[in-house]
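Trainee: For the sequence shown, the positions run -16 to -1, 1 to 271 when mature numbering (1 follows the signal peptide of the UniProt record, and there is no 0) is used. For every residue, glycine included, the Cβ atom is placed at its ideal position computed from N, Cα and C.
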Amino acid sequence: MLSLSFSRSLIISVFALLLVACGDGDSSKKASDISSQQTFHWKMVTTWPPGFPVLQDGAEHFAESVRAMSNGRLDIKVYAGGELIPALQTFNAVSQGTVEMGHGSAYYWAGKIPEAQFFSTVPFGMTAKGMNAWLYHGGGLELWRETYAPFNVIPFPMGNTGVQMGGWFNKQINSISDLQGLKMRIPGLGGKVFAKAGGNPVLLSGSEVYTALERNTIDATEWIGPYHDQRLGLYRAAEYYYYPGWHEPGTVFELSVNKQAWETLPADLQAIITYAAEAENMSLWSE
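1. Smallest Cα separation from E238: which of E126, R220, G114 and I138?
2. Rounded to the nearest angstrom, how far is the Cβ of Y91 from that of S104, given a contact under 8 Å?
3. DSSP three-state label for D162, please.
4. Residues in the same chain with beta-carbon distance under 6 Å from T145, minus the five sequence neighbours each way, listed in chain order, please.
5. State the Cα-Cα distance for the pair N242 and Q80, rounded to the nearest angstrom.
6. Quick check on A204: does DSSP put it in helix, strand or coil?
7. Return the Cβ separation of S37 and G190 in integer angstroms, given the expectation that the two are a contact with Cβ distance under 8 Å.
8. Ordered along the chain, which non-local residues of its own chain (more than five positions away) have a Cβ less than 6 Å from that of A245?
9. If we count Cβ pairs, one from each stretch, closer than 8 Å, do we get three or more for the region 149 to 164 versus the region 210 to 227?
10. Residues in the same chain with beta-carbon distance under 8 Å from T111, minus the five sequence neighbours each way, listed in chain order, please.
11. What do you reckon, are the CB atoms on P106 and I257 nearer than 8 Å?
12. Between which two residues does the beta strand (DSSP E) carrying N265 extend?
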């Protein structure tokens, strides 16, 4: 039979353990509450010209969606190409943590990550539907994130052009021989194919395209399609417009997020970014 003093000691010990457990629970709850109330102010840079419809607008709309869904806890300030950094330095800025987010397309960083081009578009390859199926349901997104991991960047699909036009040319193209020596703004793997055909591919950001074509710095350019091309005024700089865009049958746009910045966010804000990017992916493609 247990002595009275031993029983009392046992009861006191158990009670003390319960108090500690309750205290830890309160501390965890308080820490969680503080985290859920914290406000984050992020910067996003893009590769698009200031005020450019659909693309720059899409990045702005994504930021607005995140702000609304997070009740203002994650505020993202969006800068167009050249406003904060040069357009084609977007990936480097995110990778180095200069900004938390970027929006562009993976083939712009082909000089740094050649394999990134496969997550943008492949000549004569998949359309938007096929790219989305591969990325979301075929293991493509996992491969993409594995590719970007050494650069401290987490990618998300966020937009697609669908099948593009073939481009604007300052002379008629009637055979492959007409491409010999032709200097054309054409990025990614499409540029590699163009070079094999005898052309001279050039990489330019959207804000540089019209001026280069008008001044004959280049002989031709591709951009996206009639709506976007008209907004850049390309019809004023070149006479001949061709279809289809064999080089870009379904170009994916990417949201890139700095890994360290991502890890500072609570789980609910990470989920908001994920689902807002998925929604914008469909919205940009549809528009």
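Mentor: The answer reads as follows:
1. I138
2. Right, their Cβ atoms sit about 4 Å apart.
3. helix
4. I208 and T235
5. 8 Å
6. strand
7. Just to set this straight, residue 37 is Pro in the shown sequence, not Ser. Rounded, the Cβ-Cβ distance is 12 Å, inconsistent with contact.
8. E84
9. yes
10. G146, V147, P233 and G234.
11. Here residue 106 is Val; the residue named in the question, Pro, does not match the sequence. Taking 8 Å as the Cβ cut-off, V106 and I257 do not qualify as a contacting pair.
12. Note, N265: premise wrong, no beta strand (DSSP E); alpha helix (DSSP H) at A251 to S270.
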